[in-house]
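Enquirer: Below: one structure in structure tokens.
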Amino acid sequence: MHYLITGGTGSLGRELVKVFTKEGHDVTVLSRDPHKQASLINEYPMVRAILADVRDYASVLNACRDVHFVVHAAALKRVELGETNPDEYFSVNVGGTRNVAEAAATCDVRHALLISTDKAPAPANLYGVTKKLAESVWLNKSNGHTAFSAVRYGNVMDSNGGVWSVWQERIKRGLPLVVREPEPTRFCMRKVDAVALVRSTLLKMQGGEIFVPYGVPAFSLWNLAREMEPDEDKWIIEPLGPGEKQHEILVAPTEYVEKAYDDVWRVLPRRTVRSQCVPMIFQSERARRLTGAEVVKLLEGT
């Protein structure tokens, strides 16, 4: 099989490249950072690499030729930057997604999977708005041959730029931890969990669904901070940033969920089904809570 991964030099993309190439599949990566791409090709010389932006439709169309599966992971993701750079975020996250969807449909790709986020349901920031729109663009692009689905998850702890790595670096440099208030909660996933979810969804998807993992634990950022730096005098406590939520959700109150397979559920719009209260397990404030020590143990075991 032949896989295309947009944003394939990111944390998720590199993990997918490792898995797919190990299984003997052909892999094409489309990304726009030449340094990250050179590093990837140095490690995986068998990968076809296209240096381009998802906003360049001709390049995206070229990347989609002879491809069976597309994983669209390319996006601008920093919440705080989205608040001050709306045009760029809309251009990449919505316009770029439209290009990938159009190219996948034109090339009759079998399955096209959008990587979404827990910021998309009931969005409170510009980034979340763009990902919610990206979901709509993606799921409504059907040509009768290509199945378009999305997967939502949140807070991959061991990814680049995650709070775990940021706080580890600050402690290493003797700098205080920057902790937000009021006390935030987040879902807790690892890259290996995200990869497993993407792989299973690619095989199970039929088109038109948004898949969410069931039973993902959550944690308090304050509890993790206490575990990593018990001396709270070494903290800098700041209010939540622009567009930053205290708690996250995987399913909005206007959506309906039902079991899809194993520990994965799918989201349907409420207008198509009966009313439902969203299960608490899809809310970081009420999901099963890990202690700070449990989070550290989980991540140190990856």
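First residue of the sequence shown? That's 1 in the working numbering, and the numbers climb one at a time after it. Beta carbons are placed, not taken as given, at the ideal position from N, Cα and C, and that holds for glycine.
For the ligand NAP, any of its heavy atoms closer than 7 Å to the Cβ of D193?
Expert: With respect to the ligand NAP, the structure shown offers nothing to examine, as it has no ligands at all.
Enquirer: Buried or exposed: M280, going by 16 or more other Cβ atoms within 10 Å of its Cβ?
Expert: The residue you call residue 280 lines up with position 280 of the sequence shown. By the beta-carbon neighbour count (other beta carbons within 10 angstroms, threshold 16), M280 is exposed.
Enquirer: Nearest by alpha-carbon distance to R65: which of T9, Y3 and T84 is it?
Expert: Along the sequence shown, one-based indexing puts residue 65 at 65. The shortest Cα separation from R65 among T9, Y3 and T84 belongs to Y3.
Enquirer: Using only alpha-carbon positions, find the residue among D108, L76, E294 and E229 that is nearest to R32.
Expert: Here residue 32 is taken as the residue at index 32 of the sequence shown, counted from 1. Comparing Cα positions, the closest option is L76.
Enquirer: In whole angstroms, give me the CA-to-CA distance for N140 and R180.
Expert: Counted from its first residue, the sequence shown places residue 140 at position 140. Counted from its first residue, the sequence shown places residue 180 at position 180. Taking the straight line joining both Cα atoms gives about 37 Å.
Enquirer: How many angstroms separate the CA atom of W222 from the CA atom of G243?
Expert: Translated into the one-based positions of the sequence shown, residue 222 becomes position 222. Translated into the one-based positions of the sequence shown, residue 243 becomes position 243. Looking at the two C-alpha atoms, the distance is approximately 19 Å.
Enquirer: Do you know how far the Cα of K204 is from the Cα of V71?
Expert: Against the sequence shown, residue 71 aligns to sequence position 71. Against the sequence shown, residue 204 aligns to sequence position 204. Looking at the backbone, the Cα of V71 and that of K204 are separated by about 14 Å.
Enquirer: Cutting at 6 Å between CB atoms, please list the residues of its own chain near A225, excluding the five before and the five after it.
Expert: Taking the sequence shown and counting its residues from 1, one reaches residue 225 at position 225. Answer for A225: L177 and V179, listed in chain order.
Enquirer: For Y153, report the span of its alpha helix (DSSP H) as first-last.
Expert: Your numbering for residue 153 matches position 153 in the sequence shown. No alpha helix (DSSP H) contains Y153, which DSSP labels as neither H nor E.
Enquirer: Could you compute how far the alpha carbon of V103 sits from the alpha carbon of D56?
Expert: Position 103 of the sequence shown, counted from the first residue, corresponds to residue 103. Position 56 of the sequence shown, counted from the first residue, corresponds to residue 56. Looking at the sequence shown, residue 103 is not Val but Ala. Using only the alpha carbons, I get a separation of about 11 Å.
Enquirer: Can you grab the Cα-Cα spacing for the pair T291 / L61, in whole Å?
Expert: The residue given as residue 291 occupies position 291 in the sequence shown. The residue given as residue 61 occupies position 61 in the sequence shown. Computed Cα separation, rounded: 46 Å.
Enquirer: Could you pull out every residue in the same chain whose Cβ sits closer than 6 Å to the Cβ of V29, ignoring the five residues on either side in sequence?
Expert: Position 29 of the sequence shown holds residue 29. These residues qualify, in order along the chain: I5, G8, V47 and A49.
Enquirer: Return the chain-ordered ranges of every beta strand (DSSP E) run that is complete within the region 4–36 and spans a minimum of 3 residues.
Expert: 26–31
Enquirer: Note down, one range per segment and in chain order, each beta strand (DSSP E) of at least 3 residues found wholly within the region 196–246.
Expert: 210–213, 218–220 and 235–239
Enquirer: Could you check how far apart the C-beta atoms of G96 and Y127 are, in whole angstroms? I think they sit under 8 Å.
Expert: As a first step, residue 96 must be located in the sequence shown, where it is residue number 96. As a first step, residue 127 must be located in the sequence shown, where it is residue number 127. Contact doesn't hold; Cβ gap of about 14 Å is too wide.
Enquirer: I'd like to check one pair, I237 with A150: are the Cβ atoms closer than 8 Å?
Expert: For the purposes of this step, residue 150 is taken as residue 150 along the sequence shown, with counting starting at 1. For the purposes of this step, residue 237 is taken as residue 237 along the sequence shown, with counting starting at 1. Result no, Cβ atoms of A150 and I237 do not sit closer than 8 Å.
Enquirer: When you compare only the Cα positions, how much space is there between K297 and Q283?
Expert: Start at 1 with the first residue of the sequence shown, and residue 297 comes out as number 297. Start at 1 with the first residue of the sequence shown, and residue 283 comes out as number 283. Distance between the alpha carbons of K297 and Q283: 23 Å.
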